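Enquirer: Remember, our numbering sits 25 above the position in the sequence shown when you count from 1. Structure incoming, see below.
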Amino acid sequence: MPFPAQKSTDSTPLYAQVAFPVHLSKTFTYRLPPSIQQVARLGSRVVAQLGAKPLTGYIVALLPHLRTGTSLIESEIKEVQELLDVDPPLTAEVLEITRWVADYYAAPWGEVMRAALPAGINATVEQAIAITAKGREALMDLETSSPDQVRTVALRLLASEGEFELSAFCLRIGAAKTPQWLRQMETEGLTERVYRTRPTVTRAKRRRAIRLVDSEADESKSNNQHVTESQQRAIEVLRAQQNTMAVSDLLKAAHISESVVRTLAKRGVVTEFEEDVRRDPLSRAELPDTEIFKLTKAQTDALRAIEKRLSEKAFATLLLHGVTGSGKTEVYLRAMQAALDLDRGAMMLVPEIALTPILSRRLRAHFGGQIAIFHSSLSKGERFDEWTRLRGGAARVVLGTRSAVFAPVRNLGVIIIDEEQDSSYRQEESPFYNARDTAIVRAQKESAVVVLGSATPSLESFHNAQRGKYEYLHLPERVANRPMARAEMIDMREVFARHKKPAVFSDDLLKAIAETHDRGEQSIILLNRRGYSSFILCRSCGESINCPNCDVSLTYHQTDRILICHYCNHHQRAPRQCPACASKYIYYVGEGTEQIEELLRKRFPTLRIGRIDRDTKARRHQFEKTLLDFDKGEIDLLVGTQMLAKGHDFPNVTLVGVVSVDAGLALPDFRAAERAFQLITQVAGRAGRGDLPGRVLIQTYHPHHYALRHACAQDYRGFYDEEIRHRRNHGYPPFVALALLLVRHKDAARASATAQELRLALVEANKDHACRILGPAPAPFARLRGEHRVQLLIKSRSRKQMRSVIDAALHNLQKAGNDLRSVTVEIDPVSMM
Ligand code: ADP
Ligand code: ZN
Ligand code: ZN
26 MPFPAQKSTD STPLYAQVAF PVHLSKTFTY RLPPSIQQVA RLGSRVVAQL GAKPLTGYIV
86 ALLPHLRTGT SLIESEIKEV QELLDVDPPL TAEVLEITRW VADYYAAPWG EVMRAALPAG
146 INATVEQAIA ITAKGREALM DLETSSPDQV RTVALRLLAS EGEFELSAFC LRIGAAKTPQ
206 WLRQMETEGL TERVYRTRPT VTRAKRRRAI RLVDSEADES KSNNQHVTES QQRAIEVLRA
266 QQNTMAVSDL LKAAHISESV VRTLAKRGVV TEFEEDVRRD PLSRAELPDT EIFKLTKAQT
326 DALRAIEKRL SEKAFATLLL HGVTGSGKTE VYLRAMQAAL DLDRGAMMLV PEIALTPILS
386 RRLRAHFGGQ IAIFHSSLSK GERFDEWTRL RGGAARVVLG TRSAVFAPVR NLGVIIIDEE
446 QDSSYRQEES PFYNARDTAI VRAQKESAVV VLGSATPSLE SFHNAQRGKY EYLHLPERVA
506 NRPMARAEMI DMREVFARHK KPAVFSDDLL KAIAETHDRG EQSIILLNRR GYSSFILCRS
566 CGESINCPNC DVSLTYHQTD RILICHYCNH HQRAPRQCPA CASKYIYYVG EGTEQIEELL
626 RKRFPTLRIG RIDRDTKARR HQFEKTLLDF DKGEIDLLVG TQMLAKGHDF PNVTLVGVVS
686 VDAGLALPDF RAAERAFQLI TQVAGRAGRG DLPGRVLIQT YHPHHYALRH ACAQDYRGFY
746 DEEIRHRRNH GYPPFVALAL LLVRHKDAAR ASATAQELRL ALVEANKDHA CRILGPAPAP
806 FARLRGEHRV QLLIKSRSRK QMRSVIDAAL HNLQKAGNDL RSVTVEIDPV SMM
C-alpha cells in the first residue's frame, strides 16, 4: 500500500495524519486543537488516543481539510492530545526515507520511524491510578467498618498521595501486577485510570558551571573586599580557563570547597549557570596516532573516482572491490574528508558492533568532534547525545551500524558501506529492512554518492557492476607488497579414515597452533555455524544430499528420520548408509564454541584463550574487552563464530583455523556457498596483516566444493562465474526477486491452516503466473520461542508484480476476516533461516 505523499499547503492545517509504532500499516486522522495548529510540523511527535489508550505517534501529513472522498465523520474524529516537539526530530529527509522503507518492505510506517530515532527520544505513556470522589466517600465508611482491609489501605494511600503511577503503586501494595480487587474498585468507580505522558525519557545531561564576572569590575571589588587565599586561587584558575568552568572541575583544580564558590557568587564575582554536557562514548578511550600514508596508485585512482562523483553533486553508486589489506579504510576516510571539504556530510555503515572499537577510535582520531558514533552498545544517554549533535549540525559525520542509515546527517555527500555483502545489514525483526539498500535509495533521494566496499562483494552488487549500474573500482593487491595468506584445506575424510572416529581437530591444525604460540604469535579458531540442527554428511566420502527441486541442502529431522526441504517441503527418508559409498557414518552435528574452547584448554593448558560468540556479545563490555585484550597481545588464541572473521585488523595473528566449514555449507539457504566463500576469503585476510606471513587452515569433508576451491585460490571471479550460473539456472537473486512469508503461531494447527489459506489467496491473486509460490514448508527453525513457524517462498522476475500479488492476497484475506497478525512479510530476505 503506497503512502500518500505530502503536499505542502499555505493554509492552516486543521487535521493531522498520524502514524503509530504498532503493527498497523494504516495512518490515522486527528483534529488539531487551535493551540497546536500553528506549531505542528511534519515529523513531530504527538500523543493521541488510539483505541482505548493514548499513544505516541508521528505526524506524517498536515491537512487544511479532510481529504475528499473520505469516509470519516467530522464528529467522530478525535483530537490530538499533546504535541511533543516544536522542532521535529524527524527531518524532512529522514521522514522521506522512512516512508520509502515502509512502502518497499511492507512495514508499518510508525515502526520504521521509531526505529529511525534513538531509543531515548520516544515518549512513554504511563498509567497512573487516582481516587475518585466516590472512592473518598467509600473510604470514610471503610475506615470505621474495616480499617485493615486491602481496599482500605489502598484507598487511604491514594487519598493521601493523589495520583500514583500504576506499577509503582502495585509495588507499594506488594503486588507484582495489577490485582483483581484493584480492577474491581475501578469498575465500581472508586478509582480511575489516568494516562500521563513522559515526553522524553532521555534529556541532555546538565551540570553546574560558573563564569567570572567581567574581570575589571572584580578587580575593584577585590580591592575593597577581603579576598581569602582560596578565593584568589579559584579566580586564577578560572582566568586560566577563559573565565568559565564546570563547578566540579573548579573544585578539583583549585582545591577549594563549595562554600568558596558560594561566597564568590554571593559577592557577584562569579555567576552560576547550567550547561549541557556531552555523554561521550569514547571519552576514556585511548586514541591511536593519526598516520598519514602516501596512497598507493590503486588507492589514489579509487579516491579520484569517488571525488569526481562527489563534485558532480549527483547520485552514483561505486563498488570498491579491494582484497583484504588493500587499504580500503584509508580510501573511505579520505572520501569522507572530501565530502566535508565540500561542506557536505558523510555516513559510514559497518556491519557489526564487533568492528567498531578499533575503527571508531581511528575515525575519532581523524575527525575529532565532527564525528558521531552510533551503535547498539551505547547507553541511551550517549546515543541521545550523539544523535543530538548530528541533528543540530555540530557533528557532520556518522559512523554506525544498521540503524545509522536513518541518522540526521545534514547535506549528505557520501555514504560508505563497508563489507556491503554482510547479512547483518538486514534487520531480522519488524521493520525488516536492509540498511545497504536503504542507504542507496537515501543517497539517490539526496543526490549523494554511495561507496560499497568489500573484499567479496555480494553476487548482486558485482552483477550490478558488471551491468554498468555501479562504477567498479578495484584494489587488487595488498598495500606495501604484503603477501596474501595462503588458505589450505585439511581433508577431514582422511583424518576420519586414520583415526576411525570423528575428530574435532586434525593433527595439522593442532600442530600449527602449537608452533604459532612458540613463535610468540596469535591464532584465531573459528566455527562456521549458527546453532543449527543436524544435517547429512558422509564422514567417509564427504557427500551431502540436496533437494532435487531447489538446490539447497536437506535438513535431517531425527524424530521421524526424514530429510526435509525448507523451501518446497520436499520430504524423503533419510538413508541409513551413504548413497555414494555405503559408509554408515553419515550424520553430522557440529560442536559449539564452548566445547571447542574446552578441548583447546585441555590440550594447551598454558595458552591464554579467549572466546567470542553470540553469548558474550550480549555482555557488551566483556566483548569489547576481549577484542581489545587480544589486540594488545594479552590473549594468545581467540575462539569464535564467523563474526570474528570480519574486519578486524590484528597484525600479530598468523594462524586462522576454521574448524568445520561444512556446517555452514549445509545450511538450507541458497546463499550458503556464497557465505562460505566470503568467510574463507575474509578469514584469509585476517592472517598475516602485519609484516608476518599468515597461514589459514580449513577443515572440511568436501574439499572438492567449488566455493572452497575458489576461496583457497583467492579467486573471486572464478567463484562468481560459477555461482551466478547456479543462480540463473535455479532461479535465485539477482535473477528473481524473493519474498518470504512467515506464519507464526503457538498452535501448530493454526499456523499450518493460516499458511494454507495464505497459499490459496496467493494462487488466486497470481492469475497471470507472474510468481512461483513454494510451500508452505516448515521454517528452518520450525519452533522458536514457543511458536510454530511455517513459511512460503515467493519468486518472481518482476518485483512489482510480486508485490501486487502479495498485497492483493493479504488484502483479500483481511477482507474475509482473517487475523493477519501472525503473518510477517519479508521482501528481499537475506538470510533464509
Ligand atoms: P582493508 O580495509 O582493505 O582490509 P585496511 O584499510 O585495513 O585494509 O589497510 C590495511 C593496512 O594497511 C592498515 O594497517 C593500514 O593502516 C595500512 N595502509 C593503508 N593504506 C596504506 C598506504 N597507502 N601505505 C601504507 N600502509 C597503508
Ligand atoms: Zn559416503
Ligand atoms: Zn525444495
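We treat Cβ as the ideally placed atom computed from N, Cα and C, and that holds for glycine. Note that the structure is predicted; figures quoted are calculated from it, not measured.
1. Just checking G347 against ligand 1 - is the residue's beta carbon closer than 6 Å to any of the ligand's heavy atoms?
2. When burial is assigned at 16 or more other CB atoms within 10 Å of the CB, is K353 buried or exposed?
3. Quick one, which of G665, T413, E616 and T81 has its alpha-carbon nearest G635's?
4. Whole angstroms are fine: how far does the CA of M857 sit from the CA of R808?
5. Taking C-beta to C-beta, are A184 and L164 nearer than 7 Å?
6. Whole angstroms is fine: what's the gap from P758's alpha carbon to T413's?
7. Rounding to the nearest angstrom, what Cα-Cα distance links V226 and R408 in this structure?
8. Between the region 522-530 and the region 740-754, are three or more C-beta pairs nearer than 8 Å?
9. Answer with yes or no whether the minimum CB distance from L120 to chain C is below 7 Å.
10. First and last residue of the beta strand (DSSP E) that includes P508?
11. Between A605 and ligand 2, is there a pair consisting of the residue's CB and a ligand heavy atom that are separated by less than 6 Å?
12. Can you list, in chain order, the residues of its chain whose CB lies under 8 Å from that of N837, leaving out five sequence neighbours each side?
13. With DSSP as the reference, label V111 as helix, strand or coil.
14. Identify which residue in L817, V721, A397 and R427 has its Cα closest to the Cα of A140.
15. Provide the residue span of the beta strand (DSSP E) that contains H813, from first to last.
16. The beta strand (DSSP E) that contains R601, what's its start and end?
17. Hey, quick one: how far does the beta strand (DSSP E) through G719 stretch, first residue to last?
18. What does DSSP give as the partner residue(s) for R232 in the beta ladder?
19. Just the C-alpha distance for R822 and V761, rounded to the nearest angstrom, thanks.
20. I'd like to know whether the C-beta atoms of I440 and M361 end up nearer to each other than 7 Å.
21. Give me, in chain order, the residues of the same chain whose beta-carbon lies closer than 7 Å to that of T157; leave out the 5 immediate sequence neighbours on both sides.
22. What do you get for Q547, buried or exposed, if any count of 16 or more other CB atoms within 10 angstroms of its CB means buried?
23. Please say whether L80 and F23 have beta carbons closer to each other than 7 Å?
24. Taking only the alpha-carbon atoms, compute the straight-line gap between L534 and L588 and give it to the nearest angstrom.
25. Report yes if the C-beta distance between P89 and P38 is below 7 Å; otherwise report no.
26. Can you tell which of R258, D301, G199 and S255 has the C-alpha that lies nearest to the C-alpha of A234?
27. At what residues does the beta strand (DSSP E) containing R56 begin and finish?
28. Using a Cβ distance threshold of 8 Å, determine whether the region 254-266 contacts the region 204-214, with at least three qualifying pairs required.
29. I'd like to confirm the pairing. Which residues does DSSP put opposite V664 in its beta bridges?
30. Mind checking whether the beta-carbon of Y757 lies closer than 6 Å to any heavy atom of ligand 3?
31. Of the choices S170, S472, D110 and R633, whose alpha-carbon is the least far from that of G370?
32. From what residue to what residue does the beta strand (DSSP E) around R408 run?
33. When the Cβ atoms of the region 605-625 are set against those of the region 814-832, are three or more pairs found closer than 8 Å?
34. For D532, which option in V684, V295 and G545 has the closest C-alpha, if you only look at C-alpha atoms?
35. Would L765 pass as a contact of P630 if the rule is Cβ separation under 7 Å?
36. Taking the alpha-carbon positions, what's the V137 to Q42 distance?
Expert: Result, derived from the coordinates:
1. For this step, residue 347 is matched to residue 322 along the sequence shown. G347 Cβ: within cutoff of ligand 1.
2. Translated into positions along the sequence shown, residue 353 becomes position 328. By the 10 Å Cβ count, K353 comes out buried.
3. Counting from one through the sequence shown, the residue named residue 635 turns up at place 610. Per the Cα distances, G665.
4. Residue mapping note: residue 808 aligns to position 783 of the sequence shown, counting from 1. Residue mapping note: residue 857 aligns to position 832 of the sequence shown, counting from 1. Answer to the nearest angstrom: the Cα atoms are 15 Å apart.
5. For the purposes of this step, residue 184 is identified with residue 159 of the sequence shown, where counting begins at 1. For the purposes of this step, residue 164 is identified with residue 139 of the sequence shown, where counting begins at 1. Yes. Within cutoff.
6. Position 733 of the sequence shown, counted from the start, is the residue given in the question as residue 758. Position 388 of the sequence shown, counted from the start, is the residue given in the question as residue 413. Using only the alpha carbons, I get a separation of about 39 Å.
7. In the sequence shown, residue 226 corresponds to position 201, counting from 1. In the sequence shown, residue 408 corresponds to position 383, counting from 1. Note that V226 scores 44 on pLDDT, short of 50, meaning its location in the model is unreliable and no value can be drawn from it.
8. no
9. The chain labelled as chain C is not found in the depicted structure, where only one protein chain is given.
10. As a first step, residue 508 is located in the sequence shown; it is residue number 483 there, counting from the start. Unbroken run through P508: none, as it is neither H nor E.
11. Within the sequence shown, numbered from 1, the residue matching residue 605 stands at position 580. Yes, since a heavy atom of ligand 2 falls inside the 6 Å radius drawn around the Cβ of A605.
12. To locate residue 837, count along the sequence shown from 1; it is residue 812. Excluding residues within five positions, the ones whose Cβ falls inside 8 Å are A786, E789 and A790.
13. Taking the first residue of the sequence shown as position 1, residue 111 is located at position 86. Note: V111 maps to coil in three-state DSSP.
14. For the purposes of this step, residue 140 is taken as the residue at position 115 of the sequence shown. Ranking the options by Cα distance to A140, first place goes to R427.
15. Translated into positions along the sequence shown, residue 813 becomes position 788. Counting along the chain, the beta strand (DSSP E) containing H813 begins and ends at E812 to S821.
16. In the sequence shown, residue 601 corresponds to position 576, counting from 1. Where R601 is concerned, there is no enclosing beta strand (DSSP E), given that its DSSP letter is neither H nor E.
17. Within the sequence shown, the letter at position 694 stands for residue 719. Note, G719: premise wrong, no beta strand (DSSP E); not H, not E.
18. By one-based count along the sequence shown, residue 232 stands at place 207. DSSP output for R232 lists E300 as bridge partner(s).
19. Here the question's residue 822 lines up with position 797 in the sequence shown. Here the question's residue 761 lines up with position 736 in the sequence shown. Roughly 5 Å between the two C-alpha positions.
20. Taking the sequence shown and counting its residues from 1, one reaches residue 440 at position 415. Taking the sequence shown and counting its residues from 1, one reaches residue 361 at position 336. No. Outside cutoff.
21. Counting from one through the sequence shown, the residue named residue 157 turns up at place 132. Counting only Cβ-Cβ distances below 7 Å, and skipping sequence neighbours, we find G214, L215, T216 and E217.
22. Counting from 1 along the sequence shown, the entry for residue 547 is found at position 522. By the 10 Å Cβ count, Q547 comes out buried.
23. Outside the displayed span of the chain (26 to 858) sits residue 23, for which this structure offers no information.
24. If you number the sequence shown from 1, residue 534 lands on position 509. If you number the sequence shown from 1, residue 588 lands on position 563. L534 and L588: Cα-Cα distance of roughly 33 Å.
25. What you label residue 89 is simply residue 64 of the sequence shown in a count that begins at 1. What you label residue 38 is simply residue 13 of the sequence shown in a count that begins at 1. Yes; because the gap between Cβ atoms is below 7 Å, this pair is in contact.
26. Within the sequence shown, the letter at position 209 stands for residue 234. Here the closest residue by C-alpha is D301.
27. In the sequence shown, residue 56 corresponds to position 31, counting from 1. That run of the beta strand (DSSP E) goes F53 to R56.
28. no
29. Counted from its first residue, the sequence shown places residue 664 at position 639. Per DSSP, I550 and R636.
30. Walking along the sequence shown from the start, residue 757 turns up at place 732. No - ligand 3 has no heavy atom lying nearer than 6 Å to the Cβ of Y757.
31. Translated into the one-based positions of the sequence shown, residue 370 becomes position 345. Among S170, S472, D110 and R633, the Cα nearest to that of G370 is on S472.
32. Taking the sequence shown and counting its residues from 1, one reaches residue 408 at position 383. Element bounds for R408: not the beta strand (DSSP E) but the alpha helix (DSSP H), K405 to R416.
33. no
34. Here residue 532 is taken as the residue at index 507 of the sequence shown, counted from 1. Cα-wise, what sits closest to D532 is V684.
35. The count along the sequence shown starts at 1 and reaches residue 765 at position 740. The count along the sequence shown starts at 1 and reaches residue 630 at position 605. Not a contact, by the Cβ cut-off of 7 Å.
36. Position 112 of the sequence shown, counted from the start, is the residue given in the question as residue 137. Position 17 of the sequence shown, counted from the start, is the residue given in the question as residue 42. Cα to Cα, V137 sits roughly 16 Å from Q42.
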